[in-house]
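Numbering (full-length UniProt numbering), first residue to last: 1 to 259.
For each residue, glycine too, the CB sits at the ideal point set by N, CA and C.
In what follows, a single structure is set out as structure tokens and then discussed.
Here's what the structure looks like:
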């Protein structure tokens, strides 16, 4: 699951974090994802989710200082099912291992990754979770190229890879086309028909159609079979729990035994 949970805007009014955090966390808990990538979470929001998801741990840092300041692109994982073999965060810039703003971006942007192992099956895989800039056109193109470069460099054994997040891009954009050449867009390859709205960004506008698709989950072309894809449009009292809708997929790893 990937979910932009919307930062805790002090001027959020009826959509401020304090009024939606319970429903948002209950929505996640009901769907019970093995892996959850969030975007826009401030430290106290990440800590809140960590406190209510007792079966999960998380990896990730704040983008402003590489510690706790600024938005996280944290990855929560079911600690009963998975171990983390390696983790890290890099900045979407020319100097990815330094706190930095990339190209024409408006602010720091990051990608957090984890190398996971299933405790039961010993299946290993990588997850990359990111949030692209909303302004910089060059930054978004180069961020896509950088992430593909990192998925190769960090994964010399060619383990299955999942790349997800808020890309702030529509499907026909150049960076999404670039990612879709190297990886599968999970919506396009799902065995079952995709479920839910076409778009993923609602802007807290309950009475308008959701058409802008900017959140994605990409998967390795040869090693992952996407069984189901859904965009979840749950609401309560005519309000959404975030200004984005979560995207969730069900997948299985393709091994020599089940290929």
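Per DSSP, the unbroken alpha helix (DSSP H) holding residue 43 starts and ends at 43-52. Residue pairing of residue 124 in beta bridges, as defined by DSSP: 117. One Cα belongs to residue 226, the other to residue 35, and the distance between them is close to 15 Å. Partner residues in the beta bridge of residue 39, as assigned by DSSP, are 4. Residue 156 is positioned such that its CB atom lies no closer than 8 Å to that of residue 213.
Cβ-Cβ distances below 6 Å link residue 114 to 59, 75, 84, 87 and 127 in the same chain, with the five nearest sequence neighbours on each side left out; the list follows chain order. Membership of residue 206 in any alpha helix (DSSP H) is not indicated, and neither H nor E is assigned to it by DSSP. Inter-residue distance for residue 134 and residue 220 is about 26 Å (C-alpha atoms, whole angstroms). The residues 79, in chain order, have a CB closer than 6 Å to that of residue 57 in the same chain once the five nearest residues on each side in sequence are set aside. With a minimum length of 3 residues, the unbroken runs of beta strand (DSSP E) contained wholly in the stretch 145-188 fall at 161-166.
Burial check for residue 187: the Cβ neighbour count within 10 Å reaches 16 or more, so the residue is buried.
Between residue 13 and residue 246, the alpha-carbon positions lie close to 22 Å from each other. When only Cα atoms are considered, residue 174 and residue 189 end up about 20 Å apart. Cβ-Cβ distances below 6 Å link residue 151 to 161 in the same chain, with the five nearest sequence neighbours on each side left out; the list follows chain order.
In this structure, the beta-carbon distance from residue 68 to residue 43 falls below 8 Å. Here residue 99 carries a coil assignment [DSSP, helix/strand/coil]. Going by DSSP, residue 24 is part of the alpha helix (DSSP H) stretching over 17-31. By the neighbour-count criterion, in which a residue is buried when 16 or more other Cβ atoms sit within 10 angstroms of its Cβ, residue 191 is exposed. Distance from residue 201 to residue 210 at the Cβ level is roughly 7 Å; contact confirmed, criterion being Cβ atoms closer than 8 Å.
For residue 219, the enclosing beta strand (DSSP E) begins and ends at 215-219.
Here the alpha carbon of residue 97 sits roughly 16 Å from the alpha carbon of residue 145.
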